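Student:
2 protein chains.
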Amino acid sequence: MEYAADVDYVSGKTRLYGIVGHPIEQVRSPEMFTAEFRRRQRDAILVPLHVLPDDFDACLPQLLKLANLDGLVFTIPYKLRACAFAAELGEQARLVGAINVLGRRADGRWRAEIFDGLGCVEAFRRRGIGFRGKRVMLLGAGGAGSAIAVAIGFQRPSSLQLFDVDNERAQALAAKLAGANAGVAVTAGAPTIDGIDILLNATPIGMLGDARLPMALGALPRELIVFDAIVKPERTPLLAHAERYGCTTVVGREMMRGQISRMTDYFLTEV
Amino acid sequence: MEYAADVDYVSGKTRLYGIVGHPIEQVRSPEMFTAEFRRRQRDAILVPLHVLPDDFDACLPQLLKLANLDGLVFTIPYKLRACAFAAELGEQARLVGAINVLGRRADGRWRAEIFDGLGCVEAFRRRGIGFRGKRVMLLGAGGAGSAIAVAIGFQRPSSLQLFDVDNERAQALAAKLAGANAGVAVTAGAPTIDGIDILLNATPIGMLGDARLPMALGALPRELIVFDAIVKPERTPLLAHAERYGCTTVVGREMMRGQISRMTDYFLTEV
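Protein chains in written order, with our numbering: chain S, 1 to 271; chain G, 1001 to 1271.
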C-alpha cells in the first residue's frame, strides 16, 4: 500500500490511550507513552484529548465506552474530578483523593491510581536508594507534594516531616498519613535538615527563572540526598546547591521517567 | 528528550481525527489519512474509534466536543445514523441520505458530506476522463452504488442507466436522480453495454474469490471504459475481462485514493 508506506504507527488494530486535560498543547505524555509502548512492542498510541471543563462530566463516561480505548491519563485540572469515573481506586489514590490514570481491567471495569508519588519512589529505586527506615523532609504539601508524601509513607520511612507555607494543609496531610502508616513518625512543621537523610522539594520554588531555594540552607552534609520534583530547569537552584556540597541528587526528570514506566506497567498488566 | 526520540508523530499539539465504525480492526483509514496529513505537512493523526452500536447516539455528541478533534470518518454501520449529528449536509449527502465524514468548520459547526462517489469521479478525473456527456451504465444501487450514482449525476452525463438485483431499489434511485439532474436521462432496468461509454460495477460480485462477472458479457468494444469499485482483488474478473478486449480500466484502489485525497482537502479547508 503506497499510501501507508510511511505510516507504520497507527492502524485499525492500534489500541488507543489518551491524556485528558485543559489546556492540552503543553502535555508531553503523547510522545513519552507512545515511545514506551513502542519500546515494549505494543501496537498502541496515546493521543491528546482536549476536554473543556464544562464538558468533562458528560464526556468522560462516553470516552470510556470506546471499545478500543484501554486507558486514560489525567492532568490539570482533572485529577480530582476524574475519581468519580473509577470503579476501583488504588491505595495511593484513596489516600491522595486524586487520580492520574484510569486503566481498563480484563473484565472491562475501570481501575484508577495516582502515580505522581510512585514515580518519585521509582526514581530512587532505580538509583538503588530505598526510603525504608530513612528520615525524610518534604517541602510542599500541594498536589505533587501530597502524592509524594503518600507514596513515601507506604515505603515505611522512620520519619516523614512535612512543610508547607499553608501550615494547615501540611497538618491535615500529616494527620492523614499518620493514620495510614502506623510506625512512621509523621509531623508537620518548619523545614529543617537536622537529622534528615533525604530532602525533597515538591514546591514550585526554583522553577524556570526562579533563583530561590525552597528553604534556607547553608552547608549541607555530604550524606544528604536531595531531590527536586521540578522538571524545568533540570538543575534547579536547590540541586545546584546540593551538588556544591557533594550530595547525591535526584532530578525531576527521573521522577517523570519512573512515572511513565510504572504507568505503562499499569496499563499493560492484565488484571 | 530521550523518551520521545523515536516518536515524532504525536504530541500535545497534534490535531486529532478519528474513524468511527463497528467492527474497527479492518479499517485502513488510520494509516492512509495519517500518511496524507504527513505528506501535506500537517501535525495531525487519524485514529480508530470503536463505538458500539448501542453507544453511538450518546457517544457522538461528546466526541464532537473534544476541542482538538477536527474531523470524523464514518464507516459501517454508521453512514446513515451519523447524519443526525451534522449541522449542514453537503449536496451529495443530501441526495444519498448518508455521510462518511464530519468536518469542523472555522466557526465550530460540523458540516458533513459523503465522498464514496466523489472518489470515483476523482479517480476518473486523474485519468483525464470526464463523465460529462457520456452514456453510463452502473451495476449496483446499494450503499456504494447510490453514492457513485449521485456523484456521477452531478457531472452531467448524457445518460445514466442503473441496474440492481433489487429492481425497486434501482427504480427509487433513478427517480431521485432524475429529479435532481434535469437533462440527464436516468433509467433503471436490465444491465447492458449497448451504446454505453462507461461501465461501472458497484456490486460485490467479483470480490475476493468470487470468479463471477456482475453481468453477462461477451466481446467488448475497445472504446468501453470499465471501472470496478472492488478493492480486493485489484484485478477483478470484470476488469480482467475488459483488459482482454483492450478496454481502459479503472480500479477500486484508484477510487479509494481519490476519496482520501478529496476528504483530506475537505478536512483541511477552512470554511
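The beta carbon of each residue, even a glycine, is placed where N, CA and C say it ideally should be.
The model shown is predicted, which means the values in this text are computed figures rather than measured ones.
Using beta-carbon positions only, say whether GLY258/S and ALA202/S come within less than 8 Å of one another.
Tutor: Taking the first residue of the first sequence as position 1, residue 258/S is located at position 258. Taking the first residue of the first sequence as position 1, residue 202/S is located at position 202. In this structure, ALA202/S does not lie closer than 8 Å to GLY258/S by Cβ.
Student: Excluding the five sequence neighbours on either side, which residues of its own chain have a C-beta within less than 6 Å of the C-beta of VAL1226/G, listed in chain order?
Tutor: The residue given as residue 1226/G occupies position 226 in the second sequence. Hits under 6 Å: LEU1199, ALA1242, CYS1247 and THR1249.
Student: Please classify GLU234/S: does DSSP put it in a helix, a strand, or coil?
Tutor: For the purposes of this step, residue 234/S is taken as residue 234 along the first sequence, with counting starting at 1. Of the three classes helix, strand and coil, the one that applies to GLU234/S here is coil, per DSSP.
Student: From ALA1058/G to ARG94/S, what distance separates their C-alpha atoms?
Tutor: On the second sequence, residue 1058/G is found 58 positions in, with the first residue counted as 1. On the first sequence, residue 94/S is found 94 positions in, with the first residue counted as 1. For ALA1058/G and ARG94/S, the distance between alpha carbons rounds to 30 Å.
Student: When the Cα atoms are used, what is the spatial distance from LEU1046/G to PRO48/S?
Tutor: Taking the first residue of the second sequence as position 1, residue 1046/G is located at position 46. Taking the first residue of the first sequence as position 1, residue 48/S is located at position 48. The alpha-carbon atoms of LEU1046/G and PRO48/S are separated by roughly 12 Å.
Student: Count the C-beta pairs between the segment 107-118 of chain S and the segment 251-266 of chain S that are closer than 8 Å, then say yes if the count reaches three, no if not.
Tutor: Taking 8 Å as the limit for Cβ pairs, the verdict is that the segment 251-266 of chain S does touch the segment 107-118 of chain S.
Student: For a cutoff of 8 Å on Cβ pairs, would you count ARG40/S as touching chain G?
Tutor: The residue labelled residue 40/S in the question sits at position 40 within the first sequence. Closer than 8 Å: no.
Student: Per DSSP, what kind of secondary structure is MET255/S in: helix, strand or coil?
Tutor: Looking up residue 255/S in the first sequence gives position 255. Three-state result, MET255/S: helix.
Student: Is the shortest distance between the beta-carbon of PRO30/S and the beta-carbons of chain G less than 8 Å?
Tutor: Here residue 30/S corresponds to residue number 30 of the first sequence, with the count starting at 1. Yes, contact with chain G.
Student: So ILE1024/G contacts chain S; which residues on that side make the cut at Cβ distance below 9 Å?
Tutor: Working through the second sequence from its first residue, we reach residue 1024/G at position 24. Per Cβ cutoff of 9 Å: GLY12, LYS13, ALA67 and ASN68.
Student: According to the Cβ coordinates, are PHE1085/G and LEU1102/G closer than 8 Å?
Tutor: One-based indexing of the second sequence puts residue 1085/G at position 85. One-based indexing of the second sequence puts residue 1102/G at position 102. Yes, these two residues count as a Cβ contact at 8 Å.
Student: At a CB-CB cut-off below 9 Å, which residues of chain S make contact with ALA1123/G?
Tutor: Your numbering for residue 1123/G matches position 123 in the second sequence. By Cβ distance, chain S contributes nothing, its closest Cβ being about 14 Å from ALA1123/G, past 9 Å.
Student: Beta-carbon within less than 6 Å of ASP88/S's beta-carbon, same chain only, minus the 5 sequence neighbours each way: which residues are those?
Tutor: Position 88 of the first sequence, counted from the first residue, corresponds to residue 88/S. In the sequence as presented, Asp is not what sits at residue 88/S; that position holds Glu. Hits under 6 Å: ARG111.
Student: Give the secondary structure of VAL1271/G by DSSP, where H, G and I count as helix, E and B as strand, and everything else as coil.
Tutor: The residue given as residue 1271/G occupies position 271 in the second sequence. If DSSP states are grouped into helix, strand and coil, VAL1271/G belongs with coil.
Student: Quick one: what's got a C-beta closer than 6 Å to MET263/S's C-beta in the same chain, skipping five residues either side?
Tutor: To locate residue 263/S, count along the first sequence from 1; it is residue 263. Answer for MET263/S: VAL101 and PHE115, listed in chain order.
Student: Within its chain, find whatever has a CB closer than 6 Å to the CB of MET1001/G; leave out the 5 residues flanking it on each side and keep chain order.
Tutor: Locating residue 1001/G in the second sequence gives position 1, where the first residue counts as 1. Only weak support is given to the placement of MET1001/G: the predicted model assigns it a pLDDT of 41, under 50, and the question is left unresolved by the model.
Student: What does ILE45/S reach in chain G if we use C-beta pairs closer than 7 Å?
Tutor: Here the question's residue 45/S lines up with position 45 in the first sequence. Those are VAL1010 and VAL1047, listed as they occur along chain G.
Student: Run through chain S and tell me which residues come within less than 8 Å of LEU1052/G, C-beta to C-beta.
Tutor: Here the question's residue 1052/G lines up with position 52 in the second sequence. Chain S residues near LEU1052/G: LYS65 and ALA67.
Student: Within 10 Å of its beta-carbon, does GLN26/S have 16 or more other beta-carbons around it, so buried, or fewer, so exposed?
Tutor: Numbered from 1 along the first sequence, position 26 holds the residue referred to as residue 26/S. Under this definition GLN26/S is an exposed residue.
Student: Going by DSSP, name the residue or residues bridged to PHE163/S.
Tutor: Numbered from 1 along the first sequence, position 163 holds the residue referred to as residue 163/S. In DSSP, PHE163/S forms a bridge with LEU139/S.
Student: For chain S, is any of its Cβ atoms less than 8 Å away from the one on GLY1252/G?
Tutor: Locating residue 1252/G in the second sequence gives position 252, counting from the first residue. With 8 Å as the cut-off, GLY1252/G does not count as an interface residue toward chain S.
Student: Mapping DSSP to helix, strand and coil, what is HIS241/S?
Tutor: As a first step, residue 241/S must be located in the first sequence, where it is residue number 241. Helix.
Student: Quick one: does ASP291/S have its CB under 8 Å from some CB of chain G?
Tutor: No answer is possible for residue 291/S: the residues shown for chain S start at 1 and end at 271.
Student: Starting from VAL1027/G, find everything on chain A with Cβ-Cβ shorter than 7 Å and list it in chain order.
Tutor: The structure shown contains no chain A; its protein chains are S and G.
Student: Are the C-beta atoms of ASP1055/G and some chain S residue less than 8 Å apart?
Tutor: On the second sequence, residue 1055/G is found 55 positions in, with the first residue counted as 1. Interface residue, yes.
Student: Starting from GLY21/S, follow the beta strand (DSSP E) in both directions and report where the run begins and ends.
Tutor: Walking along the first sequence from the start, residue 21/S turns up at place 21. From DSSP, the beta strand (DSSP E) with GLY21/S extends over 15-21.
Student: Over what stretch of residues does the alpha helix (DSSP H) that includes PHE1115/G continue unbroken?
Tutor: Taking the first residue of the second sequence as position 1, residue 1115/G is located at position 115. Premise fails: PHE1115/G is in no alpha helix (DSSP H) and is neither H nor E.
Student: Measure from the alpha carbon of PRO1157/G to the alpha carbon of each residue in VAL1121/G, LEU1080/G, PHE1163/G and PRO1053/G, then state which is nearest.
Tutor: Working through the second sequence from its first residue, we reach residue 1157/G at position 157. Here the closest residue by C-alpha is VAL1121/G.
Student: Enumerate in chain order the residues of its own chain whose CB-to-CB distance from THR1236/G is below 6 Å, with the five nearest sequence positions on each side excluded.
Tutor: By 1-based counting over the second sequence, the position of residue 1236/G is 236. Answer for THR1236/G: GLY1206, ASP1228 and ILE1230, listed in chain order.
Student: Strictly below 7 Å CB to CB, what residues from chain S border GLN1155/G?
Tutor: Residue 1155/G sits at position 155 when you count from the first residue of the second sequence. Those do not exist, as GLN1155/G stays about 25 Å from chain S at its closest Cβ, beyond 7 Å.
Student: Count the other CB atoms within 10 Å of the CB of TYR17/S; is the residue buried (16 or more) or exposed (fewer)?
Tutor: The count along the first sequence starts at 1 and reaches residue 17/S at position 17. Label assigned to TYR17/S: buried.
Student: Apart from the five residues on each side of it in sequence, which residues of its chain come closer than 7 Å, Cβ to Cβ, to HIS1022/G?
Tutor: The residue you call residue 1022/G lines up with position 22 of the second sequence. Result list for HIS1022/G: HIS1050, VAL1051, LEU1052, PRO1053 and PRO1077, in chain order.
Student: Between ARG1132/G and the rest of its own chain, which residues show a CB-CB distance below 8 Å, the 5 nearest in sequence each way excluded?
Tutor: Counted from its first residue, the second sequence places residue 1132/G at position 132. Closer than 8 Å at Cβ, skipping near neighbours: GLN1155, ARG1156 and PRO1157.
Student: Kindly indicate which residue of ARG1040/G, LEU1063/G, LYS1079/G and ARG1109/G has the alpha-carbon position closest to the one of GLY1142/G.
Tutor: Taking the second sequence and counting its residues from 1, one reaches residue 1142/G at position 142. Of the candidates ARG1040/G, LEU1063/G, LYS1079/G and ARG1109/G, the one whose C-alpha sits nearest the C-alpha of GLY1142/G is LYS1079/G.
Student: Closer than 7 Å by beta-carbon distance: list the chain G residues that pair up with THR34/S, in chain order.
Tutor: Start at 1 with the first residue of the first sequence, and residue 34/S comes out as number 34. What THR34/S touches in chain G: VAL1007 and VAL1010.
Student: From the beta carbon of CYS247/S, is the nearest beta carbon of chain G less than 8 Å away?
Tutor: Along the first sequence, one-based indexing puts residue 247/S at 247. No, CYS247/S lies away from the interface with chain G (no Cβ there is under 8 Å from its Cβ).
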